[in-house]
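**Student:** Dropping a structure here in structure tokens format, bear with me for questions.
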Amino acid sequence: MPTVGEGTSGVQEWALALVGSPWVFAALYAFATVDGFFPPIPSETVVIALASLWASRGSPPLLPVILVAALGAFTGDQIAYTIGTRVKVRSLRIFARPRAQQALDWAERSLATRGASFIIAARYIPVGRVAVNMTAGALRYRRRRFVGITALAAVTWATYSSLIGIASGVVLKNHPMIGLVVGVVGGLVIGALVDWVLSAWARRPGGSRSRSGAAG
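Be aware that the sequence shown starts at 0, since it is given in numbering that gives the first Met the number 0, and climbs by one per residue.
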């Protein structure tokens with residue numbers, strides 16, 4: 000099995016090989032989509048790599064990278080939700096381990112109490128977003144609300160990942176692994192902050208109605 004460093008190097012080589020070709024966006028969309036329901040696909044790494052290349056070489060163009068990554072993430076989230084409505088999530092192989100089952104328990108409890116903020120925060124955690132989105136489908140979380148929340152989450156995630164890539168390309172040009180670590184840690188931090196801010200907003204007068212309706 001390749002190490003994290005080897006995996007990151009492979010993604011960098013893949014990105015370099017496709018830069019200048021329109022296929023780079025098709026591949027980016029595929030990575031971001033599959034990552035929505037199959038966590039081993041490293042979509043953050045792909046976005047960071049492409050944004051880093053834009054910062055250091057001027058291509059591929061940054062705006063399409065952000066838009067395609069966001070669209071792919073949104074698509075993957077909808078697929079995960081649909082899977083949750085049609086299969087027994089706890090029986091899936093990716094959730095076979097005890098820790099994965101605990102993650103599902105955590106997702107169920109949090110969806111019932113924090114809803115929107117929890118879904119947005121989970122987008123920054125690779126396995127967490129799959130567990131949360133599939134659980135949302137299993138619990139029949141209101142679909143229209145889920146679509147709106149995941150659209151916002153996808154855009155913020157793609158933008159944030161691109162910013163990490165730009166920082167990596169400009170400041171950490173010769174240290175891509177440091178940029179990747181910063182991205183993962185930063186994703187956890189921003190997810191917690193988003194969760195806290197939206198939960199605080201939900202506790203304001205008039206906000207409790209939105210919160211109580213989160214579980215659909």
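Virtual Cβ for every residue (Gly too), placed ideally from N, Cα, C.
So, with DSSP's three-state summary, where would you put S51?
**Tutor:** helix
**Student:** Assign P60 to buried or exposed, taking buried as 16 or more other Cβ atoms, counted over all protein chains shown, within 10 Å of its Cβ.
**Tutor:** So P60 ends up on the exposed side.
**Student:** Can you confirm whether the segment 159–166 touches the segment 131–151 when touching is taken to mean that 3 or more C-beta pairs between the two stretches lie within less than 8 Å?
**Tutor:** no
**Student:** Reducing DSSP to helix, strand and coil, say where R143 ends up.
**Tutor:** helix
**Student:** Closest to V33 by C-alpha separation, out of Q101, V67 and I78, would be which residue?
**Tutor:** When each option's Cα is compared against that of V33, the closest is I78.
**Student:** Taking the alpha-carbon of A26 as reference, which of S55, G71, V126 and A50 has the nearest alpha-carbon?
**Tutor:** G71
**Student:** Output the boundary residues of the alpha helix (DSSP H) element that contains Y123.
**Tutor:** First-last for Y123: undefined, no H or E at that position.
**Student:** Assign T117 to one of two classes, buried (16 or more other C-beta atoms within 10 Å of its C-beta) or exposed (fewer than that).
**Tutor:** According to the sequence provided, residue 117 is Phe. The question's Thr does not apply to it. Classification of F117: buried, given that the 10 Å Cβ count is 16 or more.
**Student:** By DSSP, does L151 sit in helix, in strand, or in coil?
**Tutor:** helix
**Student:** Using alpha carbons as the reference points, say which of G127, S51 and A115 lies closest to T149.
**Tutor:** A115
**Student:** Quick check on the burial criterion: 16 or more other C-beta atoms within 10 angstroms. Buried or exposed for R108?
**Tutor:** exposed
**Student:** From G35 to A157, what does the alpha carbon distance come to, in whole angstroms?
**Tutor:** 13 Å
**Student:** When burial is assigned at 16 or more other CB atoms within 10 Å of the CB, is R128 buried or exposed?
**Tutor:** buried
**Student:** Taking A152 as the reference, which of T74, P97, T84 and T81 has the closest Cα?
**Tutor:** T74
**Student:** Could you pull out every residue in the same chain whose Cβ sits closer than 8 Å to the Cβ of V131, ignoring the five residues on either side in sequence?
**Tutor:** A106, S109, L110, F117, I118 and A121
**Student:** State buried or exposed for F145, treating a residue as buried only when at least 16 other CB atoms are found within 10 Å of its CB.
**Tutor:** buried
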